[in-house]
Amino acid sequence: MNLCFVINHNYVEQLMVTLYSCYINNKDENIVAYVIQKDLTISDKNRLTNFFMQFNIKINFFDVNDDLFMNASHMK
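Each residue of the sequence shown is one higher than the one before, counting from 26 in my numbering.
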């Protein structure tokens, strides 16, 4: 099961709860989480990676910055 999340530093706890719930309700699934973010600390990333390692959940982090969206049109 592939899951994608977009979070910031303030939502690390909520991501942990969500992924743990996915694990509890899908123990037979191979879970891979993709996390798009721009401000997680190394400590946040290590905490998530180490916690979910025990459940065999792989987490991939994709770091983005504001430059990626500087030419995007804005919705009105």
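We put the CB at the ideal spot given by N, CA and C, even for glycine.
Does DSSP put residue i in a helix, a strand or coil?
i      : result
Leu-28 : strand
Asp-91 : helix
Asn-35 : helix
Lys-83 : strand
Using the rule of at least 16 other Cβ atoms within 10 Å of the residue's Cβ for burial, across every protein chain shown, is residue i buried or exposed?
i       : result
Gln-145 : Residue 145 is absent from the structure shown; the chain starts at 26 and stops at 101.
Asp-92  : exposed
Could you tell me whether the Cβ atoms of residue i and residue j are closer together than 8 Å?
i      : j      : result
His-34 : Leu-73 : no
Ile-61 : Leu-28 : no
Tyr-59 : Asn-85 : yes
Asp-88 : Lys-52 : no
For residue i, collect the residues of the same chain with a Cβ closer than 7 Å to its Cβ; drop the 5 residues on either side in sequence, then sort them by chain order.
i      : result
Ile-82 : Leu-44, Tyr-48, Ile-56, Ala-58
Phe-76 : Met-41
So, for residue i: in the same chain, excluding its five sequence neighbours on each side, which residues have a beta-carbon less than 6 Å away from its beta-carbon?
i      : result
Tyr-37 : At residue 37 the sequence reads Val, which differs from the Tyr that was named. If we look at Val-37 and ignore the five residues flanking it on each side, its Cβ neighbours are Asp-69.
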